[in-house]
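Protein chains in written order, with the numbering used here: chain A, 1237 to 1472; chain B, 1237 to 1472.
Think of the CB as a built atom: it goes at the ideal place given N, C-alpha and C, for glycine as much as any other residue.
This structure is a prediction, so every number in the text was calculated from the model and none was measured.
Put into structure tokens, the structure is as follows:
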């Protein structure tokens, strides 16, 4: 094989935040035989270090394209992740993290992200959308539940020229949906994900070092511990 | 009534491009008893004059809020409206305009726009989304058809905390759906819409003056003619 070998794999769009889950979803997309096209949204989030992580992860895991779309959701407001006037919770008991809709919920975030993924997929001739939502999320975030993913898949097939003209059928893949954090970490490690490149922290510093005490950090720590794997996270 | 009178009307989000249809949808939203919150997306479109029109229309028709979200869809590409390398068709026979999916189709545009409207609505505590799609569009654009609007409404109610917690039921209103351009123009005129403020042209100049020969101009001209109303459009 030379570097001029044509890439015959079908393309798929992967939503890539730069966190642990989306990096794993990208690795699964590649394992499934797709040429991964990574889409990151710069949506005015506090954890901008995630975007730098997304670039590193896309390169390390062989994304054939990486598109960063700037979309300032802070104008819309309503979440601790985009609104500086709402505090990110710290030091909570992991057992209480999954209960209720958290203040870090961004209104309709996954609807917005999947809509952008769908638009890009249609341009690329892709029909497969990957995202890294999982069971830990969907107890708290309404737009991480199976009912949401099914409704979006149905929408995609009536919303697009590609779907309506029958050129293909859009599919939403959420390969981590039923996995615990420990299972995700084991899966990704087996697929060659270097988790030291990823940033999950809601409150990471400019260098991407994690706080160690926000909900995302606590769940991530617990995942590595339960998987019996060393935690490569860079803490500050 | 003084200017300090509280506005007890429920809020609704109206997608406002600054064109004829969305201005009419805003007027209908107000007639329906809502406090209209207008949402415009600066999505890198060629017809930026529409955004200036949106500001004038929002003010003239009593929108209580007007939010402009910058979202550069030209990175995603695939349409004559956002990609400078694709020509906008000119001088077509109006009879052929409705056939097939036009090059001015923006991939998944209404999915993206409604997703943003939904996000803002959730922040505002609104449950009603208005958009100005109509029958003339839906022969050509897949995301203007009733099947699309129904699928989005279904999605909205599983995608959001407000929907899942049962605080209300999201509704997508497309009051122009079954109307011809002539009927839209008559409806809006009766509701006080000043169409000289609106810009429909796909190729308007900086001052918002219309070309008179693109699909949007031809359909608009025909609408005023068939309604028996003077055409207030500013042509260059």
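(request) Go ahead and pull the three-state DSSP assignment for residue 1377(A). (result) coil
(request) Starting from residue 1258(B), trace the alpha helix (DSSP H) both ways and give me its first and last residue. (result) 1256-1267
(request) Whole angstroms is fine: what's the gap from residue 1448(B)'s alpha carbon to residue 1260(A)'s? (result) Roughly 52 Å separates the two Cα atoms.
(request) Report, in whole angstroms, the separation of the C-beta atoms of residue 1370(B) and residue 1420(B), which I expect to be a contact under 8 Å. (result) Confirmed, about 6 Å.
(request) Mind listing the chain B neighbours of residue 1367(A)? Cutoff is C-beta to C-beta under 7 Å, in chain order. (result) Simply none; closest approach about 13 Å.
(message) Measuring straight from C-alpha to C-alpha, what distance separates residue 1357(B) and residue 1439(A)?
(response) 27 Å
(request) Can you give me, in chain order, the residues of the segment 1349-1365 of chain A that have a beta carbon less than 7 Å from any beta carbon in chain B? (result) 1351, 1352, 1354, 1355, 1356, 1358 and 1359
(request) Could you name each continuous alpha helix (DSSP H) segment of 4 residues or more that falls completely within the segment 1416-1452 of chain A, going from the start of the chain to the end? (result) 1417-1426
(message) Is there a C-beta anywhere in chain A that falls below 7 Å from the one on residue 1491(B)?
(response) Outside the displayed range of chain B (1237 to 1472) lies residue 1491(B), so it cannot be described from this structure.
(request) Determine whether the Cβ of residue 1317(B) lies closer than 7 Å to any Cβ atom of chain A. (result) Note on residue 1317(B): pLDDT 48, under 50, position unreliable in the model; the coordinate value appears next. Not an interface residue.
(request) Check whether the Cβ atoms of residue 1293(B) and residue 1254(B) lie closer than 7 Å to each other. (result) yes
(request) State the DSSP-derived secondary structure class of residue 1317(B), mapped to helix, strand or coil. (result) Bear in mind that the predicted position of residue 1317(B) carries a pLDDT of just 48, short of 50, making it unreliable; the figure below should be weighed with that in mind. In this structure, residue 1317(B) counts as coil in the three-state DSSP scheme.
(message) Against residue 1308(B), what residues of chain A qualify as contacts under a CB-to-CB distance less than 8 Å, listed in chain order?
(response) 1305 and 1306
(request) Determine the DSSP secondary structure at residue 1411(B), reduced to helix, strand or coil. (result) coil
(message) On the DSSP bridge list, what partners appear for residue 1473(B)?
(response) The question about residue 1473(B) has no answer, for chain B in this structure spans 1237 to 1472.
(message) Can you tell me whether residue 1263(A) is buried or exposed? The criterion is at least 16 other CB atoms within 10 Å of its CB, across all chains shown.
(response) buried
(request) Look up residue 1390(A) in the DSSP assignment and say whether it is helix, strand or coil. (result) In this structure, residue 1390(A) counts as helix in the three-state DSSP scheme.
(message) Among 1248(B), 1244(B), 1243(B) and 1242(B), whose alpha-carbon lies nearest the alpha-carbon of residue 1360(B)?
(response) Put simply, of 1248(B), 1244(B), 1243(B) and 1242(B) the residue whose alpha carbon is nearest the alpha carbon of residue 1360(B) is 1248(B).
(request) Could you please give me the residues that DSSP links to residue 1271(A) through a beta bridge? (result) Beta-bridge partners of residue 1271(A) (DSSP): 1247(A).
(message) Can you find the residues in the same chain that come closer than 8 Å, C-beta to C-beta, to residue 1287(A), ignoring five residues on each side of it along the sequence?
(response) 1254, 1276, 1278 and 1304
(message) If you reduce the DSSP assignment to three classes, tell me which class residue 1343(A) lands in.
(response) coil
(message) Distance check for residue 1445(B) and residue 1291(B), CA to CA, integer angstroms please.
(response) In this structure, the straight-line span from the alpha carbon of residue 1291(B) to that of residue 1445(B) is close to 16 Å.
(request) Spell out the partners DSSP gives residue 1364(A) in its beta bridges. (result) 1248(A) and 1407(A)
(request) With 7 Å as the threshold, decide whether the Cβ of residue 1376(B) is near any Cβ in chain A. (result) With 7 Å as the cut-off, residue 1376(B) does not count as an interface residue toward chain A.
(message) Taking the beta carbon of residue 1402(A) as the centre, do at least 16 other beta carbons fall within 10 Å, making it buried, or is it exposed?
(response) exposed
(message) Less than 7 Å between the beta carbons of residue 1366(A) and residue 1265(A), yes or no?
(response) yes
(message) Residues in the same chain with beta-carbon distance under 6 Å from residue 1362(B), minus the five sequence neighbours each way, listed in chain order, please.
(response) 1247, 1248 and 1249
(request) Take the Cβ of residue 1405(B) as the centre, count every other Cβ of all protein chains shown within 10 Å, and call the residue buried at 16 or more, exposed below. (result) exposed
(request) Run down chain A in chain order and give the residues with a C-beta less than 9 Å from the C-beta of residue 1343(B). (result) 1354, 1355, 1356, 1357, 1358, 1359, 1396, 1397 and 1398
(request) Compute the beta-carbon to beta-carbon distance between residue 1245(B) and residue 1273(B), rounded to the nearest angstrom, for a pair I have assumed lies under 8 Å. (result) Contact flag wrong, Cβ pair sits at about 11 Å.
(request) Taking all protein chains shown into account, decide if residue 1344(B) is buried (16 or more other Cβ within 10 angstroms of its Cβ) or exposed. (result) buried
(message) I need the boundaries of the beta strand (DSSP E) containing residue 1303(A), first residue and last residue.
(response) 1301-1306
(request) Check the Cβ of residue 1420(A) against every Cβ in chain B and list those closer than 9 Å, keeping chain order. (result) Within chain B, not a single residue places a beta-carbon under 9 Å from that of residue 1420(A); the smallest gap is close to 23 Å.
(request) Determine, using beta carbons only, whether residue 1268(B) comes closer than 7 Å to chain A. (result) no
(request) Could you run through the segment 1425-1459 of chain A and flag, in chain order, every residue whose CB is less than 7 Å away from some CB of chain B? (result) Flagged: no residues at all.
(request) Can you say whether residue 1469(B) is buried or exposed, counting buried as having 16 or more other CB atoms within 10 angstroms of its CB? (result) buried
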